[in-house]
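Note that the protein sequences, when read in sequence, are chains A and B. For reference, each letter of the first sequence is one residue, going 1 to 623 in full-length UniProt numbering. For reference, each letter of the second sequence is one residue, going 1 to 401 in full-length UniProt numbering. All C-beta atoms in this analysis are idealised placements derived from N, C-alpha and C, irrespective of residue type, glycine included.
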Amino acid sequence: PCPALTPLPSAPLQDIRNTVGNIPMEWYQDFPHIGYNLEGKRIYKPIRNKDELDMFLEKMENPDYWRTVQDKMTGADIKLTDEQVDLVHRLQKGQFGDVHFNPYEPAVDFFTHEVMIHPVTNRPADKRSFIPSLIEKEKVSKLVHAIKMGWIKPRKPKDDTPTYYDLWAHEDPNSILGRHKMHVPAPKMKLPGHEESYNPPPEYLLSEEEKLAWEQQEPAERKLNFVPQQYRCLRAVPAYSRFIHERFERCLDLYLCPRQRKMRVNVDPEDLIPKLPKPRDLQPFPTTQALVYRGHTSLVRCLSISPSGQWLVSGSDDCTVRFWEVCTARCMKTLPVGGVVKSVAWNPNPTICLVAICVEQSVLLVNPCLGDKLLYGATDQLLESYVAPEEERVQPVQWVMATMEEHSKGVRLVIQHSKAVKQVTWHGKGDYFASVVSDNSNMQVLIHQTSKRWSQNPFRKSKGLVQCVLFHPIRPYFFVATQRYVRVYNLLKQELTKKLMTNCKWVSSMAIHPGGDNIICGSYDSKLAWFDLDLSTRPYQLLRACGVTLGGTPGRLEGGSQSPALTCLLHHSDLLQNPLLVPVKVLKGHVLTLDLGVLDVLFHPTQPWVFSSGADGTVRLYT
Amino acid sequence: SVPAASETTDLSHLINKLLAAGKADHKYVEFDFLINGQFLRMPLVTHMEMENISTEEVVEIEYVEKYMAPQPEECIFHDDWISSVQATEEWILTGCYDQTARIWSLEGKSIMTIAGHTEVVKDVAWVKQDSLSCLLLSASMDQTVLLWEWNVEKNKVKALHCCRGHAGSVDSIAVDCTRTKFCSGSWDKMLKIWSAVPTDEEDEMEEAANRPRKKQKTEQLGLTRTPLATLSGHTEAVSSVLWSDAEEICSASWDHTIKLWDAETGDLKSTLTGNKVFNSVSYSPLCRRLASGSTDRHIRLWDPRSKDGSLVLLSLTSHTGWVTSVKWSPTHEHQLISGSLDNIVKLWDTRSCKAPLYDLAAHEDKVLCVDWTEAGLLLSGGADNKLYCYRYPATASDVGA
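This is the structure:
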């Protein structure tokens with residue numbers, strides 16, 4: 001106890017005794033005193049000299065130990081009063097410290113909930129309580145402005161349609177479900193008939209022979225799997241022995257037996273046929289045989305027609321050349337030439353009346369003396385007016401004037417070659433003609449000029465076995481067909497212009513459209529190659545035909561063949577579509593002789609008629 | 001009323017009975033029946049079905065005496081193909097491929113052989129005949145037409161004129177009704193009109209003054225004559241010509257047209273266009289129709305006065321080859337004959353267009369020419385070197401009640 005302190009009535013003892021202020025007491029931990037009194041003398045802490053043992057004893061013995069605390073200010077032990085202990089207990093429970101505090105006081109309304117007769121305030125309502133809110137209007141206009149400026153994007157209204165999840169949207173048809181779609185149900189089982197009855201009519205029961213036959217048959221091929229039995233009554237019917245077996249087989253049919261739909265190809269056969277124009281639209285074309293020119297005794301190899309269309313000349317293996325009047329099939333003249341005639345060609349110039357005939361090793365230029373007397377007289381004069389040039393020219397062939405005897409028959413000039421001549425063909429103007437020799441040297445093709453009686457060999461090197469040659473009707477081109485290619489030479493520039501690749505193994509003949517831009521090559525391996533000269537060097541179309549094909553003619557192109565039938569093809573050139581070669585008609589007439597049918601075909605220059613010469617020794621006209 | 005299934009024989013019997021009832025001495029005559037201008041060739045009911053004639057109305061059936069078949073009379077053998085034939089009441093004139101023309105009697109006896117051409121004779125024609133002498137023409141492939149005078153009594157023939165001018169084979173000639181002019185068509189696409197009046201040597205004023213005068217007289221061929229006029233317009237050979245009127249010429253050509261010309265002015269009057277080469281035409285003044293034979297098997301009838309391009313009035317189809325020649329009957333307005341490359345000559349009545357009245361199948365080779373005389377003689381010549389003559393009684397069209 002403090003000796004000098006006089007307790008003030010207002011201040012409790014503890015307060016007076018705190019002389020250090022509000023400081024953490026740990027500062028005075030090591031010091032024996034806490035604070036100073038008024039005289040400046042240290043206030044010593046109560047001596048504590050209790051050690052562990054004493055403290056333990058005290059804990060055990062002191063009944064108030066549990067309510068004794070050490071005051072930090074003074075260091076003395078203070079026993080808590082009952083009220084203080086009570087307070088501590090209340091605080092520990094979480095209640096309020098003050099005993100008299102009631103946390104559950106009834107609420108006292110600031111204002112009463114009952115409606116009173118007088119309002120709280122008598123202030124009249126502001127206008128802003130009636131009219132739309134100006135603040136909100138301002139806010140809204142700001143929002144609108146922002147939306148208009150695009151700073152705020154209005155929210156899209158939500159679509160209220162219910163969304164479903166499609167389970168089968170991305171189904172793989174090859175999956176199991178697809179297989180379910182392709183389900184082919186098993187064939188239905190046969191319904192029980194009279195044989196299955198327990199008492200079938202007697203006709204359904206098998207007789208002895210039938211039973212034997214049934215037993216001998218293979219189980220697979222039997223119509224009935226069982227023998228129909230007859231029982232007195234339903235009670236007597238035994239169990240069916242094959243029951244499980246039959247059910248098993250049915251199950252096998254159901255799940256094991258592979259069943260597949262037969263995929264029928266739904267191709268309308270009409271679609272496979274190319275859309276060719278109707279033959280009716282392509283008329284006129286020859287359809288029937290009209291005249292037969294009989295007279296030759298052996299195969300007629302070649303034909304040619306005069307440019308006027310009045311006379312026809314044919315050369316045959318019976319060593320004669322015959323001149324026919326076209327409209328009556330009258331043989332006007334027969335010219336024996338003493339050798340097999342391989343080729344004839346009538347001069348296409350209407351003012352010159354000359355026919356070139358290839359007989360073995362020579363080419364005869366014959367004036368048939370048919371038609372206008374003036375014309376053939378003029379031709380003769382033209383031939384006679386030839387003046388030999390001064391110096392001798394070296395020619396690969398010999399130009400020989402005809403003897404008197406030959407002259408009387410019509411022959412005017414003989415051009416002697418060194419080997420057998422295969423083909424002769426005239427140039428469109430009628431002065432030049434080309435002959436092909438069956439040789440394999442560079443001397444195969446020779447070009448001759450009638451007015452100058454001059455022949456030349458245009459090629460230095462041989463490019464293959466030449467099959468046939470042709471002059472272009474309008475332009476100065478010369479076509480040489482060897483076995484696999486057709487070479488186009490420019491006669492003015494004297495050079496090779498093009499090499500046409502026919503995809504054929506052996507070209508037999510060639511023909512050119514009078515317009516000059518389409519060529520057809522026929523070959524022995526039954527192919528027809530149609531070239532468009534402006535287009536490319538490859539065939540525009542390759543057609544199949546039976547047998548050897550020949551060709552040639554104004555306006556239309558046609559093919560003869562080794563079989564006796566003639567097929568007439570038409571070059572249909574509709575400007576809207578691509579040009580087509582349309583087979584139009586099969587002309588029959590020739591008789592198959594020595595396995596050969598038609599050997600040469602020709603069109604009439606002005607009428608839609610076709611001449612064909614055959615191995616049966618006839619020439620036929622189709623109109 | 002008549003049973004529906006009756007045919008011509010039944011109807012014939014019926015008519016005969018009716019006629020016999022009227023006249024005691026009526027002899028049985030075969031009749032042929034026409035309904036609406038078409039011959040009845042099948043049972044009545046089938047015919048009416050085909051022609052869509054209703055059975056409700058009264059149908060008029062004309063009866064005419066049945067046309068008998070032409071009776072073959074003569075067969076005249078030649079040495080070569082017969083290219084043309086023309087006959088009169090007494091004589092037959094034929095042109096042959098052996099470069100001669102021949103005159104025969106109606107009995108088939110050869111009277112005269114006219115040689116002079118250097119090429120095949122393609123057409124022949126009589127100009128005029130009287131008892132003393134006759135004028136005739138022959139056209140040949142040697143591009144000339146020769147005018148001959150035949151002295152009947154002495155049986156001598158002389159070439160009066162040689163008509164030169166064509167540049168190609170002269171395929172057809174025709175003499176006009178006044179017998180003073182003739183027209184020729186040739187392979188040079190031209191038609192030429194010549195005078196058919198013989199002139200003497202001194203007297204050449206008949207020819208127009210501006211024509212070049214040729215005074216050549218070859219011994220056999222007579223004076224050279226040049227054409228009065230040349231008509232050009234065809235683009236192909238002219239196959240056949242005829243005079244359809246006093247001053248009108250009709251020509252058929254390989255360019256698929258038949259052209260009508262005015263002989264006086266030489267202008268083209270109209271053109272009838274077809275699809276096929278025309279081989280031959282014939283005109284009948286009785287029915288004013290042109291019949292044409294073409295290189296298809298049809299015979300077509302045309303009206304030359306039609307102004308349109310091509311109006312085929314009727315098409316007679318029965319041949320199986322080119323129709324090389326046609327000829328109308330000079331007396332009957334509905335009948336014509338045609339010869340064809342299928343070796344048959346057919347006699348047609350235009351009222352029965354589906355089938356000919358008669359087929360005369362005597363030739364063994366192509367028929368090249370036919371003719372019909374006023375006296376009722378049908379002639380046909382062909383490539384088998386034979387000329388056949390048939391007697392066909394001349395009847396005008398009879399119309400019974």
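*Could you tell me which residues DSSP pairs with residue 425/A in its beta bridges?*
Translated into positions along the first sequence, residue 425/A becomes position 425. 434/A.
*Could you check where the beta strand (DSSP E) with residue 148/B kicks off and where it finishes?*
Within the second sequence, residue 148/B is the residue found at index 148, counting from 1. From DSSP, the beta strand (DSSP E) with residue 148/B extends over 144 to 151.
*asked:* Using the Cβ count rule (16 or more neighbours within 10 Å means buried), how would you classify residue 434/A?
replied: On the first sequence, residue 434/A is found 434 positions in, with the first residue counted as 1. Classification for residue 434/A: buried.
_Only counting the same chain, and skipping five residues up and downstream in sequence, which positions put a Cβ closer than 6 Å to that of residue 333/A?_
Here residue 333/A corresponds to residue number 333 of the first sequence, with the count starting at 1. Hits under 6 Å: 323.
_Is the beta carbon of residue 316/B closer than 8 Å to that of residue 369/B?_
Position 369 of the second sequence holds residue 369/B. Position 316 of the second sequence holds residue 316/B. Result no, Cβ atoms of residue 369/B and residue 316/B do not sit closer than 8 Å.
*Would residue 381/A count as contacting chain B if we go by Cβ distances under 8 Å?*
Here residue 381/A is taken as the residue at index 381 of the first sequence, counted from 1. No, its Cβ sits nowhere closer than 8 Å to a Cβ of chain B.
*Does DSSP put residue 316/B in a helix, in a strand, or in coil?*
To locate residue 316/B, count along the second sequence from 1; it is residue 316. Of the three classes helix, strand and coil, the one that applies to residue 316/B here is strand, per DSSP.
*Which residues does DSSP pair with residue 20/A in a beta bridge?*
Numbered from its first residue, the first sequence carries residue 20/A at position 20. The partner list for residue 20/A (beta bridge, DSSP) is empty, contrary to what the question assumes.
*Find the nearest neighbour of residue 67/B within the set 344/B, 334/B, 380/B, judged by alpha-carbon distance.*
Within the second sequence, residue 67/B is the residue found at index 67, counting from 1. Checking every option, the nearest Cα to that of residue 67/B belongs to 334/B.
*For the UniProt repeat "WD" (293 to 334) of chain A, which residues have a CB atom closer than 9 Å to at least one CB atom of chain B, in sequence order?*
308, 309, 310, 325, 327, 328, 329, 330, 332
*What is the rounded straight-line gap between the Cα of residue 198/B and the Cα of residue 285/B?*
Start at 1 with the first residue of the second sequence, and residue 198/B comes out as number 198. Start at 1 with the first residue of the second sequence, and residue 285/B comes out as number 285. Their Cα atoms are separated by approximately 28 Å.
*Express the C-alpha separation of residue 70/B and residue 12/B in angstroms, rounding to a whole number.*
Numbered from 1 along the second sequence, position 12 holds the residue referred to as residue 12/B. Numbered from 1 along the second sequence, position 70 holds the residue referred to as residue 70/B. Spanning the two alpha carbons is a distance of roughly 21 Å.
*Should residue 44/A be labelled buried (16 or more other beta-carbon atoms within 10 Å of its own) or exposed?*
By one-based count along the first sequence, residue 44/A stands at place 44. Under this definition residue 44/A is an exposed residue.
*Compare the C-beta of residue 346/B with all C-beta atoms of chain A and state if any pair is closer than 8 Å.*
What you label residue 346/B is simply residue 346 of the second sequence in a count that begins at 1. Cβ-Cβ to chain A under 8 Å: no for residue 346/B.
*Exposed or buried, which one is residue 74/B when buried takes at least 16 other CB atoms within 10 Å?*
Within the second sequence, the letter at position 74 stands for residue 74/B. It is buried - the Cβ of residue 74/B has at least 16 other Cβ atoms within 10 Å.
*chain B beta carbons: is any one of them nearer than 8 Å to that of residue 274/A?*
Within the first sequence, the letter at position 274 stands for residue 274/A. Not closer than 8 Å to any Cβ of chain B, the Cβ of residue 274/A fails to qualify, so no.
*Please name the residue, chosen from 154/A, 396/A, 512/A, 508/A, that lies closest to residue 458/A on a Cα-to-Cα basis.*
Residue 458/A sits at position 458 when you count from the first residue of the first sequence. When only C-alpha atoms are compared, the closest one is 396/A.
*For residue 163/B, which option in 170/B, 383/B, 144/B has the closest C-alpha, if you only look at C-alpha atoms?*
Residue numbering aside, residue 163/B sits at position 163 when the second sequence is read from its first letter. Here the closest residue by C-alpha is 144/B.
*asked:* Quick check on DSSP: helix, strand or coil for residue 55/A?
replied: Sequence index remark: in the first sequence, residue 55/A carries index 55 (1-based). It is helical.
*Check whether the Cβ of residue 290/A lies closer than 8 Å to any Cβ atom in chain B.*
Taking the first residue of the first sequence as position 1, residue 290/A is located at position 290. Closer than 8 Å: yes.
*Under 8 Å between beta-carbons, which chain B residues line up against residue 373/A? List them in chain order, please.*
Here residue 373/A refers to the residue found at position 373 of the first sequence. Ordered by position in chain B, the residues that pass the 8 Å Cβ test against residue 373/A are 142, 143.
_Starting from residue 192/B, trace the beta strand (DSSP E) in both directions and tell me its first and last residue._
What you label residue 192/B is simply residue 192 of the second sequence in a count that begins at 1. That run of the beta strand (DSSP E) goes 190 to 195.
*Starting from the C-beta of residue 122/B, find all residues in its chain whose C-beta is less than 7 Å away, skip the five residues before and the five after it, and write them out in chain order.*
The sequence position of residue 122/B within the second sequence is 122, counting from 1. Same-chain partners within the cutoff: 83, 84, 95, 139, 140, 141, 169, 170, 171.
*Please go through the same chain and pick out, in chain order, the residues whose beta-carbon is closer than 6 Å to the beta-carbon of residue 47/B, but skip the five residues on each side of it.*
Counting from one through the second sequence, the residue named residue 47/B turns up at place 47. Closer than 6 Å at Cβ, skipping near neighbours: 40.
*chain A residues whose Cβ lies nearer than 7 Å to that of residue 236/B*: The sequence position of residue 236/B within the second sequence is 236, counting from 1. Per Cβ cutoff of 7 Å: 606.
*Counting Cβ pairs, one atom from each stretch, are 3 or more of them under 8 Å apart for the stretch 345 to 356 of chain A and the stretch 388 to 406 of chain A?*
no
_Using the three-state DSSP reduction, which class does residue 471/A fall into: helix, strand or coil?_
Taking the first sequence and counting its residues from 1, one reaches residue 471/A at position 471. Strand, per DSSP.
*Which two residues bound the contiguous beta strand (DSSP E) that contains residue 149/A?*
Locating residue 149/A in the first sequence gives position 149, counting from the first residue. No beta strand (DSSP E) holds residue 149/A; the alpha helix (DSSP H) holding it covers 134 to 149.
_Contact residues within the stretch 81 to 97 of chain B, judged by C-beta distance below 7 Å to chain E_ = In the structure shown, chain E does not exist; the protein chains are A and B.
*Indicate whether the contact test is met: 3 or more Cβ pairs, each with one atom in the stretch 424 to 441 of chain A and one in the stretch 463 to 482 of chain A, closer than 8 Å.*
yes
*Taking one C-beta from the stretch 471 to 486 of chain A and one from the stretch 501 to 508 of chain A each time, how about it: are there three or more such pairs within less than 8 Å?*
yes
*Measure the C-alpha to C-alpha separation of residue 389/B and residue 337/A and round it to an integer number of angstroms.*
Locating residue 389/B in the second sequence gives position 389, where the first residue counts as 1. Locating residue 337/A in the first sequence gives position 337, where the first residue counts as 1. For residue 389/B and residue 337/A, the distance between alpha carbons rounds to 42 Å.
*Using a Cβ cut-off of 8 Å (strictly closer), state whether residue 188/B contacts chain A.*
Numbered from its first residue, the second sequence carries residue 188/B at position 188. Chain A, which has a Cβ nearer than 8 Å to the Cβ of residue 188/B, makes this yes.
*Going by other Cβ atoms of all chains shown within 10 Å of its Cβ, with 16 needed for buried, is residue 314/A buried or exposed?*
On the first sequence, residue 314/A is found 314 positions in, with the first residue counted as 1. So residue 314/A ends up on the buried side.
*Would you verify that the beta carbon of residue 351/A is, or is not, closer than 8 Å to some beta carbon of chain B?*
For the purposes of this step, residue 351/A is taken as the residue at position 351 of the first sequence. No, because no Cβ of chain B sits closer than 8 Å to the Cβ of residue 351/A.
*Mind listing the chain B neighbours of residue 286/A? Cutoff is C-beta to C-beta under 9 Å, in chain order.*
Stepping through the first sequence from its first residue, residue 286/A is reached at position 286. Those do not exist, as residue 286/A stays about 10 Å from chain B at its closest Cβ, beyond 9 Å.
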